[in-house]
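Structure, as structure tokens:
Number of protein chains: 2
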Amino acid sequence: MKIRAASETDRDAIWNIFNEIIAAGDTYALDPNMSREEALTYWFRADMYTYVVQKGSRIVGTYILRPNQLGPGSHVANAAFMVALDAQGFGVGRRMAEHCLSEARRMGFRAMQFNFVVSTNAPAIHLWEQLGFKIVGVLPDAFHHPEKGHVDVYVMHRSLLP
Amino acid sequence: MKIRAASETDRDAIWNIFNEIIAAGDTYALDPNMSREEALTYWFRADMYTYVVQKGSRIVGTYILRPNQLGPGSHVANAAFMVALDAQGFGVGRRMAEHCLSEARRMGFRAMQFNFVVSTNAPAIHLWEQLGFKIVGVLPDAFHHPEKGHVDVYVMHRSLLP
Chain A
11 MKIRAASETD RDAIWNIFNE IIAAGDTYAL DPNMSREEAL TYWFRADMYT
61 YVVQKGSRIV GTYILRPNQL GPGSHVANAA FMVALDAQGF GVGRRMAEHC
111 LSEARRMGFR AMQFNFVVST NAPAIHLWEQ LGFKIVGVLP DAFHHPEKGH
161 VDVYVMHRSL LP
Chain B
11 MKIRAASETD RDAIWNIFNE IIAAGDTYAL DPNMSREEAL TYWFRADMYT
61 YVVQKGSRIV GTYILRPNQL GPGSHVANAA FMVALDAQGF GVGRRMAEHC
111 LSEARRMGFR AMQFNFVVST NAPAIHLWEQ LGFKIVGVLP DAFHHPEKGH
161 VDVYVMHRSL LP
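Going down the list, the sequences are from chains A and B.
Following the numbering used here, the numbering of the first sequence begins with 11 at its first residue and continues without gaps.
Following the numbering used here, the numbering of the second sequence begins with 11 at its first residue and continues without gaps.
Written out as structure tokens, the structure reads:
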């Protein structure tokens, strides 16, 4: 498994992952019918670092890293992760998260914050807690889950200071 | 005092307020050196409703209202408010907030969330609490205040359901 900066030639692979994740509609507050162009514009925004995970010749995951806010809030990083559905459960998310924390530290961010962790996404929450993140906020009923209806969303945070 | 949808002819007045608020650098996580064009693009984004408060012939405040997230998160509204420095303390913020809550209800939002209330901004926090908002998250050291250094930021929330 190799993690590297995404390039133009990864766009199809990223869109395939992105599309199946948002179509499922159970983890991201994004329009499940977002077009390829909208999705790739979003995932390659100017303020973002975009990475992919390559396993053999296949892209199995992708993540973004960026400042969560501007100006006086730009010392806190934000990140988002997507793993291809059939590659989930094999540690791809963990590898990306560790890589992301290391990149964020290298760039000088003082902390990392996830703004929107759906409370029913147990594997993600478990992973973030293992990696030192804490729930610092609970947004009541902030996500409309396709099966469970309105469910809470967590804000999660960890310091990156030594 | 009259609150109405912003129009193209309000752009100068909005920029004057926006500029003095971000230049102060003590409430918004925006680049204090944002250009007029960047600021107005941000304040008139496609997903936003933009309003102004007019007192006589002068614009003394402006606010934006929008979905805080997309798709399965789009039932929660987000808003941001700016009052001209020399018009603060006369109830402009409260009038805008009440108008905003009413507009959000009318549009069918189920709740309103403020993502980034700087903990040193006592007048704003006091007003939000009076209007029924609760602190649902504390982001440690998420804002670099020009005098106080790194200070906490609150996520605030209130339901709009009957």
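We put the beta carbon where it would ideally sit given N, CA and C, even for glycine.
Everything numeric in this text was worked out from a predicted model, so none of it was measured.
- Of all residues in the segment 31 to 45 of chain B, only GLY35, ALA39, LEU40, ASP41 and PRO42 come within less than 7 Å of chain A when Cβ atoms are compared, listed by chain position.
- The beta carbon of ALA121(A) sits closer than 8 Å to the beta carbons of HIS85, VAL86, ALA87, HIS167, ARG168, SER169, LEU170 and LEU171 from its chain, once the five residues preceding and following it are set aside; these are given in chain order.
- Straight across, the Cα-Cα distance linking PHE153(A) with GLY99(A) is about 24 Å.
- Residues of the segment 111 to 141 of chain B with a C-beta atom less than 9 Å from some C-beta of chain A are ARG120, ALA121, GLN123, ASN125, PHE126 and VAL128, listed in chain order.
- For PHE126(A), same chain residues with a beta-carbon under 6 Å away, outside a window of 5 residues either side, are ALA39 and VAL163 in chain order.
- Residue pairing by DSSP puts TYR164(A) in a beta bridge opposite VAL127(A) and VAL148(A).
- In terms of Cα proximity to PHE54(A), the closest of VAL63(A), VAL165(A) and THR72(A) is THR72(A).
- Not one beta carbon of chain B lies nearer than 7 Å to the beta carbon of LEU170(A).
- Sorting ILE13(B), SER45(B), SER129(B) and GLU113(B) by C-alpha distance to the C-alpha of ARG68(B) places ILE13(B) at the top.
- Put simply, the CB of PRO77(B) is far from chain A, with every gap to its CB atoms at 7 Å or more.
- Against GLY83(B), the close residues of chain A are ALA39, PHE126, ALA152, PHE153, HIS154 and VAL163, in the order they occur along the chain (beta-carbon pairs closer than 8 Å).
- DSSP lists no beta-bridge partner residue for MET117(B).
- Closer than 7 Å to the CB of LEU80(B) there is at least one CB belonging to chain A.
- Neighbours of LEU149(A) in chain B, taken as residues whose beta carbon is under 8 Å from its own, are VAL86, GLN123, VAL146, GLY147, VAL165 and HIS167 in chain order.
- In the DSSP assignment, ASN29(A) falls outside any beta strand (DSSP E) and within the unbroken alpha helix (DSSP H) covering 21 to 34.
- Pairing ALA16(B) with ARG105(A), the inter-Cα distance amounts to about 47 Å.
- Counting other Cβ atoms within 10 Å of its Cβ, GLN79(A) reaches 16 or more and is therefore classed as buried.
- Taking 7 Å as the cut-off, the Cβ atoms of VAL148(A) and VAL146(B) count as close.
- The beta-carbon distance between PRO82(A) and GLY35(B), rounded to whole angstroms, is 6 Å. This is short enough to meet the 8 Å contact definition.
- For ARG76(B), the secondary structure class from DSSP, reduced to helix, strand or coil, is strand.
- Residues of the same chain with a CB within less than 8 Å of the CB of THR37(B), apart from the 5 flanking positions on each side, are ILE31, VAL128, ASN131 and ALA134 in chain order.
- DSSP places THR37(B) in the coil class of the three-state scheme, outside both helix and strand.
- Scanning the segment 84 to 118 of chain B for uninterrupted beta strand (DSSP E) segments of 3 residues or longer gives 86 to 93, listed from N- to C-terminal end.
- A Cβ-Cβ distance of about 11 Å is found for the pair LEU50(B) and ILE27(B), leaving them out of contact under the 8 Å criterion.
- Taking C-alpha positions only, MET44(A) is separated from GLY66(B) by approximately 44 Å.
- The secondary-structure analysis by DSSP pairs ARG14(B) across a beta bridge with VAL62(B).
- Our two residues, ASP96(A) and VAL102(A), have alpha carbons roughly 11 Å apart in a direct line.
- Annotation: the continuous alpha helix (DSSP H) that includes GLU139(A) extends over 132 to 140.
- Within a 10 Å sphere around the beta-carbon of ALA56(A) sit fewer than 16 other beta-carbons, which makes this residue exposed.
- Residues of the same chain with a CB within less than 8 Å of the CB of LEU137(B), apart from the 5 flanking positions on each side, are GLY103, ARG104 and ALA107 in chain order.
- A direct Cα-to-Cα measurement between SER112(B) and ARG76(B) gives close to 13 Å.
- For ASP22(A), the number of other beta carbons within 10 angstroms of its own is below 16, and it is reported as exposed.
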